[in-house]
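Student:
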Amino acid sequence: MTQSSATPVSQDEFAPLQRQQQQHRLVRPSRTYWQDAWLRLKTNTRALVSLYLVMALAFFTLVGPLLWTVDPNSQDVDQISQPPGADRRAMVVPAFTAWEGALPADSAADGLQVLGPATTQSVRLHWEVMPGAAAYRLYRTLFPVGEERAFGLPLIDFPGEQQTWYEDRLDLRARTYYYSLVELDENNQPGERFQTLAVPVQRVVTRNEVAERNLLAAAEFETLQAGDEVLLTWHPLGTDYLGRDMLARLMAGARVSLFIGVVAPALFVLFGVLYGSMAGFVGGRADQVLMRFADFVVALPFLLFMILFQVVFGIGPGESGIVPMLIALVVLSWPATARLVRGQIMQIRQEAYISAARLLGGSRIYLILRHMIPNTMGVILVTLTFAVPSAIFTEAFLSFIGMGVAPPAASWGSMCNEGLKTMLTHPHELIFPALLISITVLAFNLLGDGLRDALDARMRNSE
Amino acid sequence: MAAYLFKRLLQGVITVWFIATATFFAMHNVPGDPLSDQRAVSPAIRANLEARYGLDRPVHEQYLIYMGNMLKGDFGISFTQQNREVNDIIREHFPVSATLGILAITFAALGGILWGALTALYRNRLPDTVIMLLVILGISVPSFVFAALGQLALVNLNAFTGVSLLPVAGWGSISHMLLPALVLGLGTMAYLTRLMRSSMLEIINSDYVRTARAKGLPPARIFARHQLRNAILPVITVLGPAIAAITTGGFVVELVFAIPGLGRYFVQAVQQLDYTVIMGTTVFYGAFLVFMVILVDLLYSWIDPRVRLQ
Chain A
8 MTQSSATPVS
18 QDEFAPLQRQ
28 QQQHRLVRPS
38 RTYWQDAWLR
48 LKTNTRALVS
58 LYLVMALAFF
68 TLVGPLLWTV
78 DPNSQDVDQI
88 SQPPGADRRA
98 MVVPAFTAWE
108 GALPADSAAD
118 GLQVLGPATT
128 QSVRLHWEVM
138 PGAAAYRLYR
148 TLFPVGEERA
158 FGLPLIDFPG
168 EQQTWYEDRL
178 DLRARTYYYS
188 LVELDENNQP
198 GERFQTLAVP
208 VQRVVTRNEV
218 AERNLLAAAE
228 FETLQAGDEV
238 LLTWHPLGTD
248 YLGRDMLARL
258 MAGARVSLFI
268 GVVAPALFVL
278 FGVLYGSMAG
288 FVGGRADQVL
298 MRFADFVVAL
308 PFLLFMILFQ
318 VVFGIGPGES
328 GIVPMLIALV
338 VLSWPATARL
348 VRGQIMQIRQ
358 EAYISAARLL
368 GGSRIYLILR
378 HMIPNTMGVI
388 LVTLTFAVPS
398 AIFTEAFLSF
408 IGMGVAPPAA
418 SWGSMCNEGL
428 KTMLTHPHEL
438 IFPALLISIT
448 VLAFNLLGDG
458 LRDALDARMR
468 NSE
Chain B
481 MAAYLFKRLL
491 QGVITVWFIA
501 TATFFAMHNV
511 PGDPLSDQRA
521 VSPAIRANLE
531 ARYGLDRPVH
541 EQYLIYMGNM
551 LKGDFGISFT
561 QQNREVNDII
571 REHFPVSATL
581 GILAITFAAL
591 GGILWGALTA
601 LYRNRLPDTV
611 IMLLVILGIS
621 VPSFVFAALG
631 QLALVNLNAF
641 TGVSLLPVAG
651 WGSISHMLLP
661 ALVLGLGTMA
671 YLTRLMRSSM
681 LEIINSDYVR
691 TARAKGLPPA
701 RIFARHQLRN
711 AILPVITVLG
721 PAIAAITTGG
731 FVVELVFAIP
741 GLGRYFVQAV
751 QQLDYTVIMG
761 TTVFYGAFLV
771 FMVILVDLLY
781 SWIDPRVRLQ
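If you read the protein sequences in the order shown, they are chains A and B. Its first residue numbered 8, the first sequence is counted upward by one per residue in our numbering. Its first residue numbered 481, the second sequence is counted upward by one per residue in our numbering.
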């Protein structure tokens with residue numbers, strides 16, 4: 008601003024400007040409601056990240072099973088409850104032959120001892136007679152036997168001094184077991200004396216098993232002999248307590264969880280919109296009756312009735328229990344949306360543009376389709392987004408207490424339930440499904456927050 | 481006031497009646513019946529048993545008997561534990577659930593109010609960011625996952641320190657209650673924090689707070705007298721749903737922590753299809769929740785005189 012310049016202004020500085028056809032205008036481009044909302048959503052980092060997360064989840068659910076084609080129900084009995092990245096090596100051994108308890112010539116009887124290699128096929132134990140013991144009991148545990156004499160699982164009782172050997176073939180895994188031999192008195196009560204032995208067990212497979220499980224190509228299989236090492240099937244996220252592939256199960260579970268999480272809200276929001284807009288548009292006594300009924304459904308304790316529904320429908324053999332849950336969710340959840348939409352419609356009905364449209368001769372259908380529904384769309388969308396996480400929560404809750412999908416069908420909630428039982432020894436079986444539930448719910452919650460801010464018409468043009 | 485109370489109570493009674501009726505007919509339509517056991521029962525014995533339990537009468541008569549018994553407060557005898565009445569089960573196990581629930585809701589309400597007020601006062605600064613991040617986590621993680629992870633953490637902590645700081649499961653002393661109650665209240669706490677924050681933000685910018693400040697009142701007094709008291713109101717309105725959430729959330733928490741509460745009993749009954757227990761506890765829980773909501777509404781009008789009951 009050079010206002011205070013003292014130089015005199017000459018006449019020819021006042022030349023008329025050329026008349027311009029197109030004047031420079033400081034006007035922002037005209038945008039529709041949805042374009043505007045999208046622009047606002049794009050500036051919200053959290054909402055964008057959650058949108059990418061939702062897309063990633065959709066990819067995981069829909070495309071994942073095409074890329075990772077392992078059957079979620081097939082069991083890998085060699086690898087049960089294996090954490091991700093577990094050792095997959097196994098030694099090839101000859102087929103199993105029973106042992107008669109004979110002590111090989113080169114080894115002397117010497118307390119509790121292991122004879123031959125301890126493998127997942129069998130562990131051969133031999134011991135000496137304890138003088139004076141009425142009977143023995145053999146125990147096995149996963150942890151060292153401490154002073155509190157935590158022997159673990161009793162395998163077998165031996166009367167008297169007749170037998171001094173045992174071949175353990177009970178569900179052996181590649182890990183260290185602690186065997187204990189405890190003397191029993193005449194009343195079969197454990198006595199003071201015991202011997203304990205740590206036995207590291209090696210994982211083995213037979214040649215036939217290698218062939219059955221397609222672990223090697225045909226050419227390699229030809230040259231396979233006992234003592235060779237093979238790699239067992241790869242499970243990127245480990246296996247569960249029945250040896251089923253976690254990744255495949257998580258994908259199968261995602262289908263169930265997200266199906267319920269998306270379809271149920273879509274259905275009950277749709278029903279709620281129809282119900283609410285009818286009540287709001289008709290008004291009067293009909294509205295009162297309709298809303299009184301909605302209030303009544305709201306007053307029912309939600310989860311109790313969900314459980315009751317599941318009990319009543321029952322889950323027959325071969326059914327997954329998804330459909331009853333879907334129906335129950337829809338029947339119990341619609342009133343919130345109905346109330347919301349009714350309120351919106353009542354509000355919009357008073358707006359001047361509705362009167363204007365009616366004055367111009369717009370029909371009822373036209374008013375509803377062109378003005379009412381598009382103007383409530385934002386609210387409906389936000390409700391829908393927030394309904395997804397609560398539906399996923401409900402599904403997970405029901406499956407967790409065993410009232411959701413029936414085995415062998417997987418859902419994230421039922422996987423959590425199964426994982427809980429082995430939580431202390433194999434936490435991955437609980438953590439993966441729990442993580443997926445949490446991420447999904449988090450993503451939809453954040454997306455809902457972002458959408459609510461973006462679609463709020465009062466925020467429009469506020470930047 | 482009296483008329484309002486009467487109306488609400490009447491509505492509550494109707495709702496409970498509906499719950500009882502729905503439960504009766506729902507249970508009646510469950511495939512199978514209590515006498516279809518693995519053991520083959522001869523038709524004569526079966527007829528006798530049906531007569532003994534009134535199962536040979538028409539449905540409406542059974543319904544009347546059932547409702548009559550329920551009005552007398554008799555829920556029948558458990559199917560799986562035939563020496564126990566459902567009343568005994570409720571009487572014995574509900575106090576445990578109630579203790580846990582009261583502790584959890586205290587945790588949730590105090591924590592929610594405190595954290596919410598804190599985040600509003602420190603808006604967009606570090607405490608706000610950190611707490612709101614935790615709140616989003618609290619809303620997104622199911623209670624059974626919190627329960628399981630809390631237990632896992634406690635096991636590792638106990639193993640690490642070598643002493644049993646807190647028991648991992650079970651029931652008895654106050655130390656048994658702490659972790660389950662915290663876990664149970666966590667989701668509600670997160671929700672209440674969010675609510676408290678937004679209501680507090682609204683209050684901070686209100687005229688009467690500015691007036692109070694202009695009068696020269698000390699900030700602590702403004703916080704306690706003007707901000708906190710008014711900001712708490714919306715938190716109280718959602719206490720009803722929060723009680724419902726904590727009650728049903730108790731089902732899984734009791735299951736995970738092996739707490740002998742009514743919630744765990746209910747889940748077990750559902751899994752074992754113990755019909756009388758399911759019916760009894762459903763009606764009991766339903767009535768409890770319905771009347772808790774009414775109680776919260778009354779409490780609200782008592783705390784906020786601007787709310788007129790009608």
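The C-beta atom is built at its ideal place from N, Cα and C for all residues, glycine as well.
Looking at the C-beta of residue 469/A, does it have a partner C-beta in chain B at a distance below 8 Å?
Tutor: Here residue 469/A is taken as the residue at index 462 of the first sequence, counted from 1. The predicted model places residue 469/A with a pLDDT of 40, which falls under 50 and marks its position as unreliable; any figure quoted below should be read in that light. No, its Cβ sits nowhere closer than 8 Å to a Cβ of chain B.
Student: With a CB to CB cut of under 6 Å and the five nearest residues on each side skipped, what residues in its chain are close to residue 125/A?
Tutor: Stepping through the first sequence from its first residue, residue 125/A is reached at position 118. Within the same chain, residue 125/A has close Cβ partners 206 and 208.
Student: Can you tell me the Cα-Cα spacing of residue 118/A and residue 188/A, whole angstroms?
Tutor: Residue numbering aside, residue 118/A sits at position 111 when the first sequence is read from its first letter. Residue numbering aside, residue 188/A sits at position 181 when the first sequence is read from its first letter. So the alpha carbons of these two residues sit roughly 10 Å apart.
Student: Give the range of the beta strand (DSSP E) segment to which residue 718/B is assigned.
Tutor: What you label residue 718/B is simply residue 238 of the second sequence in a count that begins at 1. Looking at the DSSP string, residue 718/B is not in any beta strand (DSSP E), and its letter there is neither H nor E.
Student: Hey, residue 395/A and residue 339/A are a contact pair by Cβ (cut 8 Å); roughly how many whole angstroms apart?
Tutor: Stepping through the first sequence from its first residue, residue 395/A is reached at position 388. Stepping through the first sequence from its first residue, residue 339/A is reached at position 332. Between residue 339/A and residue 395/A the Cβ distance is about 16 Å, and since that is not below 8 Å, they are no contact.
Student: If residue 480/A sits next to residue 142/A, beta carbons under 8 Å apart, how far is it from one beta carbon to the other, in whole angstroms?
Tutor: Since the first residue shown for chain A is 8 and the last is 470, residue 480/A is missing from the structure and cannot be characterised.
Student: Under 8 Å by Cβ, that's how I've got residue 458/A and residue 348/A pegged, so tell me the actual separation to the nearest angstrom.
Tutor: To locate residue 458/A, count along the first sequence from 1; it is residue 451. To locate residue 348/A, count along the first sequence from 1; it is residue 341. Actually they do not touch by this definition, with Cβ atoms about 16 Å apart.
Student: What number of angstroms, rounded off, separates the C-alpha of residue 468/A from the C-alpha of residue 65/A?
Tutor: What you label residue 468/A is simply residue 461 of the first sequence in a count that begins at 1. What you label residue 65/A is simply residue 58 of the first sequence in a count that begins at 1. Note that residue 468/A scores a pLDDT of 45, beneath 50, so its modelled location is shaky and nothing firm can be said.
Student: Please confirm whether residue 86/A and residue 211/A have their CB atoms less than 8 Å apart.
Tutor: Within the first sequence, residue 86/A is the residue found at index 79, counting from 1. Within the first sequence, residue 211/A is the residue found at index 204, counting from 1. Not in contact: residue 86/A and residue 211/A (Cβ atoms no closer than 8 Å).
Student: Taking only beta carbons into account, state which residues of the segment 752 to 768 of chain B come closer than 8 Å to chain A, listed in chain order.
Tutor: Residues 753, 758, 762, 765 and 766.
Student: When you compare the segment 669 to 680 of chain B with the segment 710 to 720 of chain B, are there three or more beta-carbon pairs, one atom per stretch, that lie closer than 8 Å?
Tutor: Touching, yes.
Student: Any Cβ of chain A within less than 8 Å of the Cβ of residue 509/B?
Tutor: Reading the second sequence from its first residue, position 29 is the one you call residue 509/B. Interface residue, yes.
Student: Could you tell me the distance, in whole angstroms, from the CA atom of residue 269/A to the CA atom of residue 408/A?
Tutor: The residue given as residue 269/A occupies position 262 in the first sequence. The residue given as residue 408/A occupies position 401 in the first sequence. Answer to the nearest angstrom: the Cα atoms are 21 Å apart.
Student: Please name the residue in 454/A, 148/A, 246/A and 404/A whose C-alpha comes closest to that of residue 317/A.
Tutor: To locate residue 317/A, count along the first sequence from 1; it is residue 310. Measuring from the Cα of residue 317/A, the nearest candidate turns out to be 404/A.
Student: Using a Cβ-based criterion (distance less than 7 Å to any ligand heavy atom), does residue 676/B qualify as near the ligand ADP?
Tutor: Annotation note on the ligand ADP: not contained in the displayed structure, which lists no ligands.
Student: Under 8 Å between C-beta atoms, does residue 430/A make it to chain B?
Tutor: Taking the first sequence and counting its residues from 1, one reaches residue 430/A at position 423. Yes, residue 430/A lies at the interface with chain B (some Cβ there is under 8 Å from its Cβ).
Student: Using a Cβ-Cβ distance under 8 Å, would residue 503/B count as near chain A?
Tutor: In the second sequence, the residue the question calls residue 503/B occupies position 23. Yes, residue 503/B lies at the interface with chain A (some Cβ there is under 8 Å from its Cβ).
Student: Is the number of C-beta pairs between the segment 617 to 630 of chain B and the segment 721 to 737 of chain B that are closer than 8 Å three or more?
Tutor: The segment 617 to 630 of chain B is in contact with the segment 721 to 737 of chain B.
Student: What is the DSSP secondary structure of residue 396/A, counted as helix, strand or coil?
Tutor: Counting from one through the first sequence, the residue named residue 396/A turns up at place 389. Here residue 396/A sits in helix by DSSP.
Student: How many Å lie between residue 433/A and residue 385/A at the Cα?
Tutor: Here residue 433/A refers to the residue found at position 426 when the first sequence is read from its first residue. Here residue 385/A refers to the residue found at position 378 when the first sequence is read from its first residue. In a straight line, the C-alpha of residue 433/A is about 45 Å away from that of residue 385/A.
Student: Do residue 756/B and residue 630/B count as a contact pair if the criterion is CB distance below 8 Å?
Tutor: If you number the second sequence from 1, residue 630/B lands on position 150. If you number the second sequence from 1, residue 756/B lands on position 276. Contact flag unset, no.
Student: Counting only Cβ pairs nearer than 9 Å, list the residues of chain A close to residue 500/B.
Tutor: By one-based count along the second sequence, residue 500/B stands at place 20. Here the premise fails: no neighbours, minimum Cβ distance about 12 Å.
Student: Taking the continuous alpha helix (DSSP H) assigned at residue 346/A, which residues delimit it?
Tutor: Along the first sequence, read from residue 1 onward, the residue named residue 346/A stands at position 339. Residues 329 to 356.
Student: By how many angstroms is the C-alpha of residue 37/A removed from the C-alpha of residue 23/A?
Tutor: Taking the first sequence and counting its residues from 1, the one referred to as residue 23/A is at position 16. Taking the first sequence and counting its residues from 1, the one referred to as residue 37/A is at position 30. If you take the alpha carbons of residue 23/A and residue 37/A, they lie about 33 Å apart.
Student: For the segment 296 to 311 of chain A against the segment 766 to 780 of chain B, are there 3 or more C-beta pairs whose distance is under 8 Å?
Tutor: Output reads yes: the segment 766 to 780 of chain B touches the segment 296 to 311 of chain A.
Student: Using a C-beta to C-beta distance shorter than 7 Å, which residues of chain A count as neighbours of residue 560/B?
Tutor: Residue 560/B sits at position 80 when you count from the first residue of the second sequence. Going along chain A, no residue has its Cβ under 7 Å from residue 560/B, so there is no contact; the nearest lies around 15 Å.
Student: Comparing alpha-carbon positions, which option in 132/A, 223/A, 376/A and 251/A lies nearest residue 203/A?
Tutor: One-based indexing of the first sequence puts residue 203/A at position 196. Taking only the C-alpha atoms, the option nearest residue 203/A is 132/A.
Student: Would DSSP call residue 360/A helix, strand or coil?
Tutor: Residue mapping note: residue 360/A aligns to position 353 of the first sequence, counting from 1. Residue 360/A: helix per DSSP, three-state reduction.
Student: Please check if any C-beta of chain A sits within less than 8 Å of the C-beta of residue 728/B.
Tutor: Mapped onto the second sequence, residue 728/B falls at position 248. Closer than 8 Å: yes.
Student: Taking C-alpha atoms, which residue in 702/B, 770/B, 522/B and 615/B lies nearest to residue 445/A?
Tutor: Mapped onto the first sequence, residue 445/A falls at position 438. With distances taken between Cα atoms, residue 445/A lies closest to 615/B.
Student: Work out the CA separation of residue 497/B and residue 307/A for me, nearest whole Å.
Tutor: Along the first sequence, read from residue 1 onward, the residue named residue 307/A stands at position 300. Along the second sequence, read from residue 1 onward, the residue named residue 497/B stands at position 17. Using only the alpha carbons, I get a separation of about 11 Å.
Student: Which ranges would you report for the alpha helix (DSSP H) in the segment 102 to 172 of chain A if only whole runs of at least 4 residues count?
Tutor: The qualifying runs do not exist here; there are none.
Student: Using the DSSP secondary-structure output, state which residues sit across from residue 187/A in a beta bridge.
Tutor: The residue labelled residue 187/A in the question sits at position 180 within the first sequence. Its beta-bridge partners are 146/A and 203/A.
Student: Judging by CA-CA distance, which residue of 342/A, 200/A and 215/A is the nearest neighbour of residue 302/A?
Tutor: Here residue 302/A is taken as the residue at index 295 of the first sequence, counted from 1. Minimum Cα distance to residue 302/A is reached at 342/A.
Student: With burial defined as no fewer than 16 other Cβ atoms inside 10 Å of the residue's Cβ, what is the status of residue 707/B: buried or exposed?
Tutor: Along the second sequence, one-based indexing puts residue 707/B at 227. Counting Cβ neighbours within 10 Å, residue 707/B comes out buried, since at least 16 surround it.
Student: Taking all protein chains shown into account, decide if residue 71/A is buried (16 or more other Cβ within 10 angstroms of its Cβ) or exposed.
Tutor: Locating residue 71/A in the first sequence gives position 64, counting from the first residue. Buried: at least 16 other Cβ atoms inside 10 Å.
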